[in-house]
Amino acid sequence: MTPFQIELIGMFAAVLTTSAFIPQVYKIWKTKISDGVSLSMYLSMFIGVASWCVYGFLIGSPSVLIANIVAGLLQLMIIYFKLKFK
12 MTPFQIELIG MFAAVLTTSA FIPQVYKIWK TKISDGVSLS MYLSMFIGVA SWCVYGFLIG
72 SPSVLIANIV AGLLQLMIIY FKLKFK
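Per our numbering, the sequence shown starts with residue 12, numbered consecutively.
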């Protein structure tokens with residue numbers, strides 16, 4: 012496999028795993044209810060995603076970097092909504 016093909020697989024995986032946060036963001040935004048969301052889980056996930064961003068940057072992997080930037084933004088939205096709609 013070429014490096015480009017490998018990166019395409021990474022981008023595909025990134026789209027699937029990152030988009031998994033969208034339904035949660037939408038549900039909280041729409042209902043204004045965040046009772047079932049664990050703040051500590053999303054804070055922990057955000058720290059992990061921020062670490063993956065650093066890793067993706069250091070190894071020069073666009074799929075790792077982009078996916079984790081988007082995932083981090085979605086997680087920050089969930090954290091914000093959790094704090095706002097307490």
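A virtual CB, placed ideally from N, CA and C, is assigned to each residue, including glycine.
Across the set 74, 26, 95, the C-alpha of 74 shows the shortest separation from the C-alpha of residue 17. From the listed residues 64, 54, 31, 36, the smallest Cα separation to residue 80 is found for 64. DSSP places residue 31 outside any alpha helix (DSSP H), giving it a letter other than H or E. Shown here, residue 41 sits in a helix according to DSSP, grouped into three states. About 6 Å separates the beta carbons of residue 39 and residue 89, which is inside the 8 Å limit, making them a contact pair. It is roughly 27 Å from the alpha-carbon of residue 27 to the alpha-carbon of residue 94.
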